[in-house]
Amino acid sequence: MAMLRGFLLLFIIFSMGNAGADLAKTCPVGWTNFGFRCYKFISQPANWITAERNCQSLGANLASVRNKLEKNFLLSLLPSSSTRSWVGAHDGVQDGQWMWSDGTAFLYTNWCPGEPNNSQTENCLEINFSPNRCWNNAPCSILKSSLCVKDLCSHPAPQLL
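Under UniProt numbering, the first residue of the sequence shown carries the number 1, and numbering increases by one thereafter.
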């Protein structure tokens, strides 16, 4: 059943990819496409709020993770299997109520065992924690790399002369 669901998802993605044949949908230079979104790894360490503001200055947000495929893709953008990085989830509004900074519904999770544990006022989400490469809630003040996401840009297709 899971395989059938995967094939159906791929069929939908590829089918919709031809819907705007008159537009060339590309990510900006330095960004990587996955599905209908563009992603960028930011190696400069920053606390969570500065990382979010850095993404916003690029017309993006810290990345939200909607499913396992997207989680695996984000992990593939990290330079090593030990690079821990900020993504856009936080529970700073109400403890235990996690939300994504880009407004995406918080439906998929990949918490490490025992997480989120909220020790030391941990209100922000880091990915690639532990050898299991799972999620951890961490203090937002810690300096980490980050992952930004924005919707796939649409530009008019270049005119051939």
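We put the CB at the ideal spot given by N, CA and C, even for glycine.
Across which residues does DSSP place residue 39 in a beta bridge pair? Start at 1 with the first residue of the sequence shown, and residue 39 comes out as number 39. Per DSSP, 32, 149.
N-terminal and C-terminal residue of the beta strand (DSSP E) that residue 129 is part of: Translated into the one-based positions of the sequence shown, residue 129 becomes position 129. DSSP places residue 129 inside the beta strand (DSSP E), whose first and last residues are 124–129.
Return no unless some Cβ of chain B is closer than 7 Å to the Cβ of residue 65. Protein chain content of the structure displayed is limited to a single chain, and chain B is not contained in it.
Suppose contacts are defined by Cβ-Cβ distances below 7 Å. Is residue 48 in contact with residue 100 by that definition? Position 48 of the sequence shown, counting from 1, holds the residue named residue 48. Position 100 of the sequence shown, counting from 1, holds the residue named residue 100. With contacts defined as CB atoms closer than 7 Å, residue 48 and residue 100 fail to qualify as a contacting pair.
Distance, residue 107 Cα to residue 117 Cα: If you number the sequence shown from 1, residue 117 lands on position 117. If you number the sequence shown from 1, residue 107 lands on position 107. Their backbone Cα atoms lie some 18 Å apart in a straight line.
Mapping DSSP to helix, strand and coil, what is residue 140? Counting from one through the sequence shown, the residue named residue 140 turns up at place 140. The answer is coil: DSSP assigns residue 140 none of H, G, I, E or B.
Would residue 68 be called buried (16 or more neighbouring beta carbons within 10 Å of its own) or exposed? Taking the first residue of the sequence shown as position 1, residue 68 is located at position 68. Around the beta carbon of residue 68, a 10 Å sphere encloses fewer than 16 other beta carbons of the protein chains shown; the residue is thus reported as exposed.
Could you check the C-alpha separation between residue 22 and residue 59 for me, to the nearest Å? Taking the first residue of the sequence shown as position 1, residue 22 is located at position 22. Taking the first residue of the sequence shown as position 1, residue 59 is located at position 59. Low confidence applies to residue 22: its pLDDT is 38, below 50, so where it sits in the model is not reliable enough to give any reading.
Measure the CB-CB distance between residue 62 and residue 46 and report whether it falls below 7 Å. Here residue 62 corresponds to residue number 62 of the sequence shown, with the count starting at 1. Here residue 46 corresponds to residue number 46 of the sequence shown, with the count starting at 1. Not in contact: residue 62 and residue 46 (Cβ atoms no closer than 7 Å).
Best match in 136, 76, 135 for proximity to residue 41 [C-alpha to C-alpha]: As a working note, residue 41 is residue 41 in the sequence shown. Nearest of 136, 76, 135 to residue 41, Cα basis: 76.
Would a C-beta distance cut-off of 7 Å place residue 132 and residue 83 closer than the cut-off? To locate residue 132, count along the sequence shown from 1; it is residue 132. To locate residue 83, count along the sequence shown from 1; it is residue 83. No, the pair does not count as a contact, with Cβ atoms beyond the cut-off.
Mind checking which residues open and close the alpha helix (DSSP H) that includes residue 48? Residue 48 sits at position 48 when you count from the first residue of the sequence shown. Residues 48–57.
Kindly indicate which three-state DSSP category residue 75 falls into: helix, strand or coil? Walking along the sequence shown from the start, residue 75 turns up at place 75. Here residue 75 carries a helix assignment [DSSP, helix/strand/coil].
Taking residue 93 as part of the beta strand (DSSP E), name the residues at either end of that continuous run. As a first step, residue 93 is located in the sequence shown; it is residue number 93 there, counting from the start. Note, residue 93: premise wrong, no beta strand (DSSP E); not H, not E.
Can you find the residues in the same chain that come closer than 7 Å, C-beta to C-beta, to residue 73, ignoring five residues on each side of it along the sequence? Walking along the sequence shown from the start, residue 73 turns up at place 73. For residue 73, where only same-chain residues beyond five positions count, the Cβ hits under 7 Å are 34.
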